[in-house]
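**Student:** These protein sequence lines are chains A and B, in that order.
Position 102 of the first sequence, counting from 1, maps to 102 under our numbering, and the rest follow consecutively.
To convert, count from 1 in the second sequence and add 126; that's our numbering.
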Amino acid sequence: MLKVLIVDDSAAFRASLRDLLCQQLSQVLVVEAADGGEALEQVRRTAPDLAFIDIELGGESGLDLTRRIRGRHLEMPIAIITNYDLPEYRLAARDCGANSFFSKTSSIAEDILTWVASASPGIPIP
Amino acid sequence: MKARYGPLLASTLAGLSFLLVDAAMDHYFFYGGSLWDAIFFKVPTPELAMRTLGFLFFVGVGALMTRISAKQRRAESILRESEAKYRTLMEDAGDGIALLDVEGNLVEVNKRAEGLLGYRGDELKKRHFTELLPAEEHERATASFEATLRQGSSYLSDVAVLRKDGQPVPVDVSASVIEVLGKRTIQAIFRDVSERKRMERVLADRLRLEELRADVGAALARGDTLPTLLQPCAEALVRHLGAAFARIWTLNEAEEILELQASAGMHTRLDGSRSRVPVGQGKIGVIARDRRPIITNSVIGDPQFIDQEWARREGLVAFAGHPMILGDELLGVMAFFAREPLAEITRKALASVADGIAMGIRRHRVEQAQRRSEERLRFLSSELLSAQETERGRIARELHDGVGQSLGSLKVRVEAILKQASRDEGRVNLHLMENLIPVVRGAMEEVRNISMGLRPSIIDSLGLVATVSWFCREFEASHPGIGIEQEIEVTEEEIPERLKIVIYRILQEAFNNSARHSKADRLRVSLRREDGRLSLLVRDNGRGFETAILSPPQPGGGGFGLVSMRERAELSGGSFSVESRPDTGTTVQASWPASP
Numbered sequence: 001m002l003k004v005l006i007v008d009d010s011a012a013f014r015a016s017l018r019d020l021l022c023q024q025l026s027q028v029l030v031v032e033a034a035d036g037g038e039a040l041e042q043v044r045r046t047a048p049d050l051a052f053i054d055i056e057l058g059g060e061s062g063l064d065l066t067r068r069i070r071g072r073h074l075e076m077p078i079a080i081i082t083n084y085d086l087p088e089y090r091l092a093a094r095d096c097g098a099n100s101f102f103s104k105t106s107s108i109a110e111d112i113l114t115w116v117a118s119a120s121p122g123i124p125i126p
Numbered sequence: 127m128k129a130r131y132g133p134l135l136a137s138t139l140a141g142l143s144f145l146l147v148d149a150a151m152d153h154y155f156f157y158g159g160s161l162w163d164a165i166f167f168k169v170p171t172p173e174l175a176m177r178t179l180g181f182l183f184f185v186g187v188g189a190l191m192t193r194i195s196a197k198q199r200r201a202e203s204i205l206r207e208s209e210a211k212y213r214t215l216m217e218d219a220g221d222g223i224a225l226l227d228v229e230g231n232l233v234e235v236n237k238r239a240e241g242l243l244g245y246r247g248d249e250l251k252k253r254h255f256t257e258l259l260p261a262e263e264h265e266r267a268t269a270s271f272e273a274t275l276r277q278g279s280s281y282l283s284d285v286a287v288l289r290k291d292g293q294p295v296p297v298d299v300s301a302s303v304i305e306v307l308g309k310r311t312i313q314a315i316f317r318d319v320s321e322r323k324r325m326e327r328v329l330a331d332r333l334r335l336e337e338l339r340a341d342v343g344a345a346l347a348r349g350d351t352l353p354t355l356l357q358p359c360a361e362a363l364v365r366h367l368g369a370a371f372a373r374i375w376t377l378n379e380a381e382e383i384l385e386l387q388a389s390a391g392m393h394t395r396l397d398g399s400r401s402r403v404p405v406g407q408g409k410i411g412v413i414a415r416d417r418r419p420i421i422t423n424s425v426i427g428d429p430q431f432i433d434q435e436w437a438r439r440e441g442l443v444a445f446a447g448h449p450m451i452l453g454d455e456l457l458g459v460m461a462f463f464a465r466e467p468l469a470e471i472t473r474k475a476l477a478s479v480a481d482g483i484a485m486g487i488r489r490h491r492v493e494q495a496q497r498r499s500e501e502r503l504r505f506l507s508s509e510l511l512s513a514q515e516t517e518r519g520r521i522a523r524e525l526h527d528g529v530g531q532s533l534g535s536l537k538v539r540v541e542a543i544l545k546q547a548s549r550d551e552g553r554v555n556l557h558l559m560e561n562l563i564p565v566v567r568g569a570m571e572e573v574r575n576i577s578m579g580l581r582p583s584i585i586d587s588l589g590l591v592a593t594v595s596w597f598c599r600e601f602e603a604s605h606p607g608i609g610i611e612q613e614i615e616v617t618e619e620e621i622p623e624r625l626k627i628v629i630y631r632i633l634q635e636a637f638n639n640s641a642r643h644s645k646a647d648r649l650r651v652s653l654r655r656e657d658g659r660l661s662l663l664v665r666d667n668g669r670g671f672e673t674a675i676l677s678p679p680q681p682g683g684g685g686f687g688l689v690s691m692r693e694r695a696e697l698s699g700g701s702f703s704v705e706s707r708p709d710t711g712t713t714v715q716a717s718w719p720a721s722p
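#1: Measure from the alpha carbon of B:T617 to the alpha carbon of each residue in B:V628, B:C598, B:V594, then state which is nearest.
#2: Taking 8 Å as the cut-off, decide whether the C-beta atoms of B:Q313 and B:L259 are in contact.
#3: Listed in chain order, which residues of the region 60–72 of chain A have Cβ atoms closer than 9 Å to some Cβ of chain B?
#4: So is B:M570 in contact with chain A if we call contact Cβ pairs under 8 Å?
#5: For the region 584–599 of chain B against the region 546–562 of chain B, are there 3 or more C-beta pairs whose distance is under 8 Å?
#6: Taking 7 Å as the limit between beta carbons, can you name the residues of its chain near B:A414, skipping five residues before and five after?
#7: Entirely within the region 309–389 of chain B and at least 3 residues each: give me those beta strand (DSSP E) ranges in chain order.
#8: List the residues of chain A whose Cβ lies closer than 9 Å to the Cβ of B:A592, in chain order.
#9: Is the Cβ-Cβ distance between B:I483 and B:I521 less than 8 Å?
#10: Are the beta-carbon atoms belonging to B:V403 and B:N423 less than 8 Å from one another?
#11: If you measure beta-carbon to beta-carbon, which residues of the region 105–118 of chain A are closer than 9 Å to chain B?
#12: Looking only at its own chain, which residues have a Cβ that is under 8 Å from the Cβ of A:V31, when we skip the five neighbours before and after it?
#13: Can you tell me whether B:M191 is helix, strand or coil according to DSSP?
#14: In whole angstroms, give me the CA-to-CA distance for A:K104 and B:E524.
#15: Do the CB positions of B:S698 and B:L653 come within less than 8 Å of each other?
#16: In chain B, which residues lie less than 7 Å from A:A55 when you measure between Cβ atoms?
#17: Using a threshold of 8 Å, state whether the C-beta atoms of B:R373 and B:A461 are closer than that.
#18: Does any C-beta atom of chain A lie closer than 8 Å to the C-beta of B:S604?
#19: Give the range of the alpha helix (DSSP H) segment to which B:H448 is assigned.
#20: Could you have a look at B:P681 and say whether DSSP puts it in helix, strand or coil?
#21: Under 8 Å between C-beta atoms, does A:N83 make it to chain B?
#22: Does the region 173–188 of chain B come within contact of the region 210–227 of chain B, defined as at least 3 CB pairs closer than 8 Å?
#23: Answer with buried or exposed for B:D291, where buried requires no fewer than 16 other C-beta atoms within 10 angstroms of its C-beta.
#24: Closest Cβ-Cβ distance between B:S595 and chain A: below 8 Å?
#25: Just how far apart, CA to CA, sit A:Q27 and A:A93?
#26: Would you please verify whether the beta carbon of B:D709 is less than 8 Å from any beta carbon of chain A?
#27: Run through chain A and tell me which residues come within less than 8 Å of B:I584, C-beta to C-beta.
#28: Cα separation between B:D416 and B:R324?
#29: Considering Cα atoms alone, identify which of B:K474, B:P358, B:E379, B:V295 is closest to B:S389.
#30: Kindly indicate if chain A contains any beta-carbon less than 8 Å away from that of B:R574.
#31: Taking the straight line between their C-alpha atoms, what separation do you get for B:C598 and B:A695?
#32: Classify B:G486 as buried or exposed, calling it buried when 16 or more other Cβ atoms lie within 10 Å of its own Cβ.
#33: Restricting to Cα atoms, I'd like to know which of B:D433, B:R648, B:K252, B:A477 is closest to B:F601.
#34: Against chain A, with Cβ distances strictly below 8 Å, would B:R642 count as a contact?
#35: What would DSSP say about B:A301, mapped onto helix, strand or coil?
#36: What are the partner residues of B:L663, as DSSP defines its beta bridges?
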């Protein structure tokens, strides 16, 4: 069972991403968080295998959250997912320890599924 | 007692001698007997009777004369007494008294008059009264003298008489005709009124100063431009202090120049050679530089006054130049030329008027600044309202024309897919579905652009440095003719959080202004710490403009961009400047104290 954490302040987007993952992959458990605090709580409780983190979270940014997770020496793969596909964001994502970067606008579902598969060997992709 | 009966005694002796002489003559000529017989015995009776009668006649005359003399003596004594009384009165009088004959020659003067005029009494006697008067008083005094003779008395007020040392003394003279020893004599009583005159002068001076202060005060309260404020002050100096001319300059601090604002008296032009005086140059400039007054009663011969010929021709003898200072702020210089030496009271008045005018100028400046700031505020708020309206219009248009149209198109396409799916037994045309993606993506781009235009979220998540780099890239993309050079020499941590959006907005405004107006093809932005300040600099190589037109902002005219940049900088505790000249480009600089 693959545990995936989705951190986004938009419930609609969380639901879309959850549906995509659950429909396209078998044996996936999705946990959700709307902000940095909830996310850290989920990380502590469920120890997810990988995470999707939005940059704009209302309070603390997803980049800061990523940095804090990395600060706890947690090596789980993290993908930053954002509305804004800017080089500055890509650079910042890499700098704070994210493994991948997706744009809500320009990335396609295929890329996301591919990354999940590559980040968690053993998960069959249909 | 002896003297009183002198005439009687003398007459008796005369009678006796007459009797003896007559008897002796009888003796020699007629009788020849002894002298004794000739006296009493040998004289025929008629002869004796005649002789006795003669003797008695003499005695009688003597008695009569004695009586007359006694009467006369009594009269003389009364006269002497009255004369003595008059003399005592005259000598003890508090006023000067002179007796003159009808020709106007002095007959007698009292001690008081001698003291007043500085003469000894006999030096004055026989002199004509006009010799004691300056020429300009002759006519008035002579008329008054003649009036006295004609009417019996007259009064002459405030006439100058000359002391022996030549100094004039103001006196009031009351003259009347009196009889002295049977002669018509003019008695002139005169009183020294110098003290009264001095008091009158003091009062008049005070009145003059009061009027001067009132006029200056009124002018300072009424005027609403510097010339209308200061011109009546200069005129009041001429009117009340008797200046030949008075002038007032105010200091233009930026240029270190004194600008002539008011001129009254013999020169009234404001655009002459002294209209702009550099601080330190000439005596006016020196007064401003040293902040010390220059006051002299000897303009002619003083090398500080270069145009000696002019001063001599105009008869200018006195000069007073005062710096107008409040606290340690120099506001201007006031200068005063006079044809009379300056009295102490005038000097003091000038000093106090200079202070008063300084306050007036300061007040005027404060009011001007206030008025400007109010105008600016009104201008800003009206610009703000119209900018807000424009912005709302733009967002409404972008939402409607962009996102709205995309969503509309999306709806129609989804409906078409559904319709076809229902025709094809529920089979969805994947190709049509794929075609939806670019439409959705386009709508997302539009929302993103609107949102970034309103406030770039990157500034909140990544900070200013990343935002500047993003903005420059976007700007270059949308303005292909403009190359941008970035010199960001601060780290994100060195920029106070609250300043980030301010700096971004100023940068954005400066770039947009440049793109709109300057025709520049290069823009340089630098952000660095220097001299303890965080400094933003945006420079272009465009055509520039006259910086002078920027201040104050012209309501209705452009310049709101610049004003809003200034407002943003100043409201956040920073300073702002724009330097621009035609053909040399524009530099916008904003800086803030760097937090430690």
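Where is the CB? At the ideal position from N, CA and C, for every residue including glycine.
No experiment lies behind these values; they were computed from the predicted model shown.
**Tutor:** Quick look at the numbers:
#1: B:V594
#2: no
#3: S61, G62, L63, D64
#4: yes
#5: no
#6: L377, L384, V405, P449, L456, V459
#7: 309–318, 371–378
#8: L86, E88, Y89, L91, A92
#9: no
#10: no
#11: T105, S106, I108
#12: K3, V4, L5, I6, Q42, T46, P48
#13: helix
#14: 21 Å
#15: no
#16: The residue asked about is misnamed: residue 55 of chain A is Ile in this sequence, not Ala. Correct list: S587.
#17: yes
#18: no
#19: Element bounds for B:H448: not the alpha helix (DSSP H) but the beta strand (DSSP E), 444–452.
#20: Model confidence at B:P681 stands at a pLDDT of 44, short of 50, so the residue's coordinates are unreliable; what they give is reported in the following sentence. Three-state DSSP puts B:P681 in coil, outside helix and strand.
#21: yes
#22: no
#23: exposed
#24: yes
#25: 28 Å
#26: no
#27: Y84, L86, E88, Y89
#28: 37 Å
#29: B:P358
#30: yes
#31: 21 Å
#32: buried
#33: B:R648
#34: no
#35: strand
#36: B:S652, B:Q715
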